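The listed protein sequences derive, respectively, from chains L and Y. Just so you know, the UniProt record's numbering puts the end of the first sequence at 240, numbered straight through with nothing missing. Just so you know, the UniProt record's numbering puts the end of the second sequence at 240, numbered straight through with nothing missing. Every residue gets a Cβ at the ideal spot worked out from N, C-alpha and C, and that includes glycine. Quantities reported herein were computed from a predicted structural model and do not represent experimental measurements. In what follows, a single structure is set out as structure tokens and then discussed.
Number of protein chains: 2
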Amino acid sequence: MSFDDQLPPKTRLLRAAAELLANSDGSPVSTRQITKLAGVTAPTLYHHFGDKEGLFDAVVAAGFEEYVAGERDFAPSGEPLEDVRRMWDNHVQFGLTQPHLYLVMFGNIRPESRPAIVADAESLLEEMLSKAAIAGQINVPPREAARSILAANVGVTLMLIAEPLEDRNLELSTMTRDSMIFAVSTETARGAAADDSGKSSVVVAAIALNAALQASHSDQLSSSELKLFLEWLHRISSSS
Amino acid sequence: MSFDDQLPPKTRLLRAAAELLANSDGSPVSTRQITKLAGVTAPTLYHHFGDKEGLFDAVVAAGFEEYVAGERDFAPSGEPLEDVRRMWDNHVQFGLTQPHLYLVMFGNIRPESRPAIVADAESLLEEMLSKAAIAGQINVPPREAARSILAANVGVTLMLIAEPLEDRNLELSTMTRDSMIFAVSTETARGAAADDSGKSSVVVAAIALNAALQASHSDQLSSSELKLFLEWLHRISSSS
DNA sequence: TAGCACCTATAGCAACGCTATATGAAGTGA
DNA sequence: TCACTTCATATAGCGTTGCTATAGGTGCTA
């Protein structure tokens, strides 16, 4: 009926909220349910978390830790784009196993907590994409690529969550994933060769150099020189 | 204070709900607010719509009509993939101008109404993609392509909605859009490059950029800027 | 022992979604 | 014209929600 009485009320509240949130089929979870399961009374909740939303934020933060841990856990394969694929799949998997947590994290607009979470997820991806950029494997700046891929990843995951379980088709995920990665990558594992002027190769090289510079802290240029240099690089990178 | 008394209560309820939903900054809208603005009492709402959710569904349905109308309004350009681009942009625009409506439509899981809406949006896209398929312009079945593109479209739109208005960057949309379309299309308007021997370092990238720049006559930099830029490049390239 | 944070409980408020019941208006058939 | 049905609206109030004013314990330090 109630929770482990040894644990402090704050922890019991967190666990109770997480459990109820996970098992509620989309229906809202009331503070009374939570406090009853945790074996405490209302003011305790508000003392520790200020708000119902505050409690949920704490639950989400915990869930996000789990998500990030999942994203970091596998060792780099040496093939950055392959790792990006695994990060994508891990993201989808997290959304499907914890749909309610995921919805609070990504399916809502909550100007306070959401951008931070999104930014974190983005930088995880960007980190990996930077490696790909250094290896000259992508033709788009890592930051933009990360934003774009993450957006598609979120969209796919929400789509799958909303779909009834029986006709949930993961092919949507793999197809969209590979489309996005293919689009930003320099591999031309596609038919007809390319002719185009050297312009896009300039862009690729500029992006690669930019990423490499970020990673290496080269000291060949003074900081003021470097600043201007990077600005020019960016200008070159973002030419059409 | 109240709404046009000439209109039937049902219509007034719909308009009041739509107006309040549009102007509420994410905060929930109560039935009491709605009935007060519409100038009716509670049972009237429940007589016509059964439910608060029923009323909201009706509002969403109206909003969806508007969305579909927007998707259909422009005449086909004869270039199906170009039309897909415009549908994408229209979708994003709809989401940004009616964020709360959009969130109810796409950012939630509501097993009843959502799949129908999604299916409709999907078939609009699929219709257009079928034309592209007939013209041999895509290399993926239209249905799968539509699902995939729509998922990415939704993800991007939610991303943009969640972003604070001042640093909302539509480039995310166009880039993701073109990535998705490029990935499913048979056109290979892609640059060469991807020559690199695999070893990646600042030096290699700098050399590559240097060579590429020599060959391409990029006009992103003025001649004086270019001169200094190349000098720095050389300094970086000849570092130990 | 006194004082002081900290934490928790009792009790209850205002607002919420919703409804049992009643009343009015409008049409229909004899 | 009159009962009868049907649809639409209103009065009043139920149960639940998120939240809080207030007070009581508990364990420290002085």
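Extent of the continuous alpha helix (DSSP H) run through residue i
i                      : result
residue 92 of chain L  : 80 to 97
residue 150 of chain L : 142 to 162
residue 135 of chain Y : Neither: residue 135 of chain Y is in no alpha helix (DSSP H) and is coded neither H nor E.
residue 174 of chain L : 171 to 184
Nearest candidate by alpha-carbon position, reference residue i, set the options
i                      : options                    : result
residue 148 of chain Y : L/139, L/169, L/140, L/138 : L/169
residue 154 of chain L : L/136, L/180, L/132, L/166 : L/180
residue 56 of chain L  : L/145, L/104, L/81         : L/104
residue 59 of chain Y  : Y/125, Y/20, Y/225, Y/159  : Y/20
residue 90 of chain L  : L/185, L/125, L/100        : L/125
residue 107 of chain Y : L/226, L/47, L/161, L/43   : L/161
residue 118 of chain Y : Y/93, Y/152, Y/136         : Y/152
residue 146 of chain Y : Y/136, Y/120, Y/156, Y/171 : Y/120
residue 53 of chain L  : L/10, L/31, L/44           : L/31
residue 143 of chain L : L/127, L/235, L/156, L/158 : L/127
residue 88 of chain L  : L/122, L/234, L/78, L/27   : L/122
residue 116 of chain Y : Y/139, Y/177, Y/16, Y/61   : Y/61
residue 10 of chain Y  : Y/229, Y/37, Y/28          : Y/37
residue 81 of chain L  : L/141, L/172, L/45, L/182  : L/182
residue 137 of chain Y : Y/159, Y/83, Y/46          : Y/83
residue 92 of chain L  : L/76, L/7, L/174           : L/174
Contacts that residue i makes with chain Y (C-beta to C-beta distance below 7 Å)
i                      : result
residue 147 of chain L : 172
residue 114 of chain L : 162
residue 119 of chain L : What residue 119 of chain L touches in chain Y: nothing, since even the nearest Cβ is about 11 Å away.
Exposure label - residue i; buried when at least 16 CB within 10 Å
i                      : result
residue 23 of chain L  : exposed
residue 41 of chain Y  : exposed
residue 14 of chain Y  : buried
residue 18 of chain L  : buried
residue 134 of chain Y : exposed
residue 131 of chain L : buried
residue 97 of chain Y  : exposed
residue 164 of chain L : exposed
residue 100 of chain L : buried
residue 191 of chain L : Unreliable placement is indicated for residue 191 of chain L, whose pLDDT of 38 sits below 50; the coordinate value is still reported in the next sentence. Answer is exposed; the Cβ neighbour count stays below 16.
residue 69 of chain Y  : exposed
residue 65 of chain Y  : exposed
residue 50 of chain L  : exposed
residue 74 of chain L  : exposed
residue 25 of chain L  : exposed
residue 27 of chain Y  : exposed
residue 198 of chain Y : Any reading at residue 198 of chain Y needs caution, since the residue's pLDDT is 32, under 50, leaving its predicted position unreliable; the model's value is listed next. The residue in question, residue 198 of chain Y, is exposed, as its Cβ has fewer than 16 Cβ neighbours within 10 Å.
residue 114 of chain L : buried
residue 241 of chain L : Beyond the ends of chain L as shown, which are 1 and 240, falls residue 241 of chain L; an answer cannot be given.
residue 95 of chain Y  : buried
residue 195 of chain L : The predicted position of residue 195 of chain L is uncertain, since its pLDDT is 39 and thus under 50; a value taken from the coordinates is nonetheless stated next. It is exposed - the Cβ of residue 195 of chain L has fewer than 16 other Cβ atoms within 10 Å.
residue 185 of chain L : buried
Interface residues of chain Y facing residue i [CB-CB closer than 8 Å]
i                      : result
residue 94 of chain L  : Chain Y residues near residue 94 of chain L: none, gap ~15 Å exceeds 8 Å.
residue 27 of chain L  : Simply none; closest approach about 11 Å.
residue 154 of chain L : 155, 158, 159
residue 78 of chain L  : Chain Y residues near residue 78 of chain L: none, gap ~11 Å exceeds 8 Å.
residue 229 of chain L : 229, 232
residue 175 of chain L : 140, 144, 148
residue 225 of chain L : 232
residue 130 of chain L : Under the 8 Å cutoff, chain Y gives no residues; its nearest Cβ is about 11 Å from residue 130 of chain L.
residue 69 of chain L  : Within 8 Å Cβ-Cβ: nothing; residue 69 of chain L doesn't reach chain Y, min ~23 Å.
residue 42 of chain L  : Residues of chain Y passing the Cβ test: none, with the nearest at roughly 20 Å.
Within chain L, partners of residue i - CB distance below 7 Å
i                      : result
residue 182 of chain Y : 183
residue 66 of chain Y  : Result: empty, since nearest Cβ-Cβ is about 21 Å, beyond 7 Å.
8 Å Cβ cut-off: residues of chain L touching residue i
i                      : result
residue 50 of chain Y  : Residues of chain L passing the Cβ test: none, with the nearest at roughly 18 Å.
residue 16 of chain Y  : Simply none; closest approach about 23 Å.
residue 133 of chain Y : Within 8 Å Cβ-Cβ: nothing; residue 133 of chain Y doesn't reach chain L, min ~15 Å.
residue 58 of chain Y  : None at all; the shortest Cβ gap to chain L is about 20 Å.
Residue i Cβ short of 7 Å to the ligand FAD heavy atom set
i                      : result
residue 106 of chain L : The ligand FAD is not part of the structure shown, which contains no ligands of any sort.
Cross-chain neighbours of residue i in chain L, by beta carbon under 9 Å
i                      : result
residue 24 of chain Y  : Neighbours of residue 24 of chain Y on chain L: none; closest Cβ ~12 Å, over 9 Å.
residue 123 of chain Y : Those within 9 Å of residue 123 of chain Y in chain L number zero; the least Cβ separation is about 15 Å.
residue 61 of chain Y  : By Cβ distance, chain L contributes nothing, its closest Cβ being about 17 Å from residue 61 of chain Y, past 9 Å.
Proximal residues of chain Y, C-beta to C-beta of residue i below 9 Å
i                     : result
residue 30 of chain L : The premise fails here: residue 30 of chain L is roughly 15 Å from chain Y at the closest Cβ pair, so nothing lies under 9 Å.
*Please list the segments of the beta strand (DSSP E) lying wholly inside the UniProt domain "HTH tetR-type" (7 to 67) of chain L, counting only runs of 3 or more residues, in order along the chain.*
none
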